[in-house]
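Residue numbers (this note's numbering), protein chains in the order written: chain A, -13 to 363; chain B, 604 to 743. The next block holds one structure in the form of structure tokens; read it before the comments.
Okay, structure coming up:
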């Protein structure tokens, strides 16, 4: 089911806000979760809106992506509340929310996932520079840059590499999907992609649309996808070559200080008590002496490779490639590049694509009695 | 030329492979001293991080060995182990660990002779592979 959302003078954020306003007006919806402008600053943070008047503060297309809001959504949807919450998220946040729901970290029963085509985002540091450089509204400047097919930004800034390598930038897993890349049409196509989405969308009394509304958007999407695939493949190749021996892997993480920010920022690393935070890793002082004696010298903090490899094995089948691990790294390690590269292989090995569907069980939670004969022997 | 003597860490299931090793012992069969057995109650409890830890601490190969499909004492632990091994075999070779350093076998409780044969085979193969690069990565 596809409907038309009116678009005035190419004002995409305005159109999205109108859709959210219509949804909030329904009697069984009592709040909207969406990126909000912070008062007096150019930072955009996830927020919750209950008053329709405050919808104006929502900035749905900003290139600011300080954290993956799926973690916060879990907090809001931990228990039933009796009313629906509209969650307006990036496609990678939607996929993370779906992965988390499968891992019993928040339920999507009372959540309506609204997604839109994603132009990508800057790292936190680059966003600060970008928003300080442009004279007007940073989101508008960004919108114009995408619409003009002109993704060149001031001072050599570029989108986060996770975003440049993202091929799942359309909201395929959302309940209600907005084709925001159809800016030339005068309408934005709004599509219900689930039964729940259909139930809510038809109550908004929007005009019916045929497939023709999507044609212009499809051209833009396929153009961007081609560029992203090329970037991703080059990134994979470069990263694979950078870590293809234990020595190179150690060099890759040589400036890791084991702050574990990447784990905290990761929407898929959901364990409330991570093994690396337990006293399993409070090694005895004598143990350190033994290690040092055995090798002649040891690097501290220890367990850096152990930490990253374990995290790879524990979460790479669920990695949504949001790039927040790199965003959180204080030492500019290419965490995202490595994790995306490895995750692509892990997911392919099990025919899985994280966050694609709530009905697909995560690979490590199921098994077949007869499979993978090549592993045994 | 001096023969490289590898260290092979083997996580073996209490109900089958460990019993087979016991049987090999009481039958006075010999197997290479390179194998270091770690008895676990089920291969289904071998978290991939145990395998990673062994490799990072300098093991040249890791073997996980459990009951034949359908024979698991806990019904399906060995099937879970197989999925985890599949994942490790997908990830670790990207970092230069040869796939043959990550082994999964099924050895039943009465397979004492087979246990010895498999340990000889694995030791021979890992000897040929030589040491992992991990030993050069000081202190990691």
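Just so you know, even glycine gets a beta-carbon here, dropped at the ideal spot from N, CA and C. For clarity, every value in this text was computed on a predicted model and none was experimentally measured.
- Neighbours of residue 637 (chain B) in chain A, taken as residues at a C-beta separation under 9 Å, are lacking, since the least C-beta distance is about 19 Å.
- In the DSSP annotation of this structure, residue 296 (chain A) is not part of any beta strand (DSSP E); the continuous alpha helix (DSSP H) holding it starts and ends at 290 to 301.
- Using a Cβ-Cβ cut-off of 8 Å, residue 693 (chain B) is close to 331, 332 and 335 of chain A, given in chain order.
- Identification of chain A residues near residue 734 (chain B) by a Cβ-Cβ cut-off of 9 Å yields none; the smallest Cβ-Cβ distance measures about 10 Å.
- Counting other Cβ atoms within 10 Å of its Cβ, residue 14 (chain A) stays below 16 and is therefore classed as exposed.
- For residue 659 (chain B), the residues of chain A that pass the 7 Å Cβ criterion are 291 and 292, in the order they occur in the chain.
- Along the region 604 to 619 of chain B, there is no position whose C-beta sits under 8 Å from a C-beta of chain A.
- Taken through DSSP and simplified to helix, strand or coil, residue 177 (chain A) comes out as strand.
- Residue pairing by DSSP places residue 243 (chain A) opposite no residue, since no beta bridge is assigned to it.
- In the assembly as shown, residue 215 (chain A) is an exposed residue. Its beta-carbon has fewer than 16 other beta-carbons within 10 Å.
- Pairing residue 623 (chain B) with residue 640 (chain B) gives a Cβ-Cβ distance that is not under 7 Å.
- The C-beta of residue 354 (chain A) has fewer than 16 other C-beta atoms within 10 Å across all chains shown, which makes the residue exposed.
- Contact annotation for residue 363 (chain A) against chain B: 706, 707 and 708 [CB-CB distance below 8 Å, chain order].
- Pairwise C-beta distances place the region 203 to 211 of chain A out of contact with the region 283 to 292 of chain A, as fewer than three of them are shorter than 8 Å.
- Below the 7 Å Cβ cutoff, chain A contributes 232, 233 and 236 as neighbours of residue 740 (chain B), in chain order.
- DSSP, read as helix, strand or coil, puts residue 199 (chain A) in helix.
- Under the three-state reduction of DSSP, residue -6 (chain A) is assigned to coil, being neither helix nor strand.
- Cβ atoms of residue 97 (chain A) and residue 58 (chain A) stay farther apart than 8 Å, at about 12 Å.
- Secondary structure of residue 134 (chain A) (DSSP, three-state): coil.
- DSSP places residue 112 (chain A) in the helix class (H, G or I) of the three-state scheme.
- By the C-beta density criterion, residue 654 (chain B) is buried, having at least 16 other C-beta atoms within 10 angstroms.
- Residue-level contact check: residue 254 (chain A) does not touch chain B, since none of the beta carbons of chain B fall below 7 Å from its beta carbon.
- By the criterion of a C-beta distance shorter than 8 Å, residue 729 (chain B) is surrounded in its chain by 609, 611, 637, 663, 664, 703 and 704, once the five residues flanking it on both sides are discounted.
- Only exposed fits residue 245 (chain A), as fewer than 16 other CB atoms lie within 10 angstroms of its CB.
- Residue pairing of residue -11 (chain A) in beta bridges, as defined by DSSP: A:176 and A:194.
- Interface annotation for the region 674 to 704 of chain B against chain A: 679, 682, 683, 685, 686, 687, 688, 689, 690, 691, 692, 693, 694, 695, 697, 698, 699 and 700, criterion Cβ-Cβ distance under 9 Å.
- Under the three-state reduction of DSSP output, residue 50 (chain A) falls in the strand class.
- With respect to the C-alpha of residue 311 (chain A), the residue from A:300, A:304, A:325 and A:299 having the closest C-alpha is A:325.
- If you check the CB distance, residue 74 (chain A) and residue 100 (chain A) come in under 7 Å.
- Annotation for residue 614 (chain B): the continuous beta strand (DSSP E) segment containing it runs 611 to 616.
- Residue 352 (chain A) counts as exposed, since fewer than 16 other beta carbons sit within 10 angstroms of its beta carbon.
- Proximity of residue 324 (chain A) to chain B, defined by a Cβ-Cβ separation below 7 Å, is not satisfied.
- Neighbours of residue 737 (chain B) in chain A, taken as residues whose beta carbon is under 7 Å from its own, are 232 in chain order.
- In this structure residue 274 (chain A) is exposed. Its beta-carbon is surrounded by fewer than 16 other beta-carbon atoms within 10 angstroms.
- Cα atoms of residue 695 (chain B) and residue 69 (chain A): separation of roughly 46 Å, rounded to the nearest angstrom.
- Here DSSP, grouped into helix, strand and coil, assigns residue 169 (chain A) to coil.
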